[in-house]
Every structure is written in structure tokens, then in C-alpha cells.
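Have a look at the structure below, then the notes.
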Amino acid sequence: MKPKYLPNASASILSVILLLAASSTSIAVSLAGSEGDKRFPPTLPYTQKAPCTKAYKAYIAADGHSAYATTPYTRVRSLYIICGAKLNAPSQKVAEDLAMKSCEGTVARHRVTTGGACEIAASK
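Sequential numbering of the sequence shown, starting at 0, is according to numbering that gives the first Met the number 0.
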């Protein structure tokens, strides 16, 4: 006597395994190339060699949780822009905290006030 429910049971078990495998691979998607949660468009210097332009491009290219903080306001666009970034942190929250510390440390080190306070421009 041959069990008639065995082929149906094995097919449903196989489909559940495939669904679980597909869902776990979608979680491990790389964040590289993504702008993530963009809160405001960061003002970047015109030159590609400027430190903040390099930091923002590195943020975009990073494949882990990262954040980019900058002064959101400058009276004159060419005056100065201060920024900070944290790449490939353990979580988005940690990346945001460390990017803010980096930006605020640069503001304090250079003793500037006209660019505004540091804010998170984008994080992923």
C-alpha cells in the first residue's frame, strides 16, 4: 500500500523551506549605493576633492549602516560646510550618534557658529 498524502506533504514542506530561504536572503541586502533616509539635501562644495563631498560619496558607497551629518545652512554657499560621517556601524542609531559627534567636534574645533548646528542629513 502506497501513502497517497506523502507527495502533497513533501511538496508543501519544500515550498515552506523555499519561502524561508527567500525571505532570509532579502534581509541581507547590501545598502551600498542607497541614499537611505534622506532628511534634507546636503549642500556639497562644488569641488569633488572637498572633504565633505568625499565623505558624502563614501556614505553612499558604504554597504552597512551609515550616517552623514552636516551643517544645513550657510549664509554664503562658498563660505564653508562642516560635516561628519560614520560608515558601516552596527546599527543606524549608532551611525547617527557617531556622525553627529564627528560633526559637532569639527564645529567646536574650528569655533564656528554661522553655519548652523549639525543635523543628520541622511542615514541608512
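Just so it is clear, CB atoms sit at the ideal spot from N, CA and C, and this is done for glycine as well.
Keep in mind that this is a model prediction, so the values were computed, not measured.
| Item | Value |
| --- | --- |
| Quick check on DSSP: helix, strand or coil for Gly104? | helix |
| Does DSSP classify Leu30 as helix, strand or coil? | coil |
| By Cβ distance, which residues of its chain are closer than 8 angstroms to Val93, with the 5 residues on each side in sequence left out? | His64, Lys85 |
| Between which residues of its own chain and Ala57 is the CB-CB distance below 7 angstroms, once the five residues before and five after are set aside? | Ala84, Leu86 |
| Would you say the stretch 103 to 122 touches the stretch 37 to 46, given that touching needs at least three Cβ pairs under 8 angstroms? | yes |
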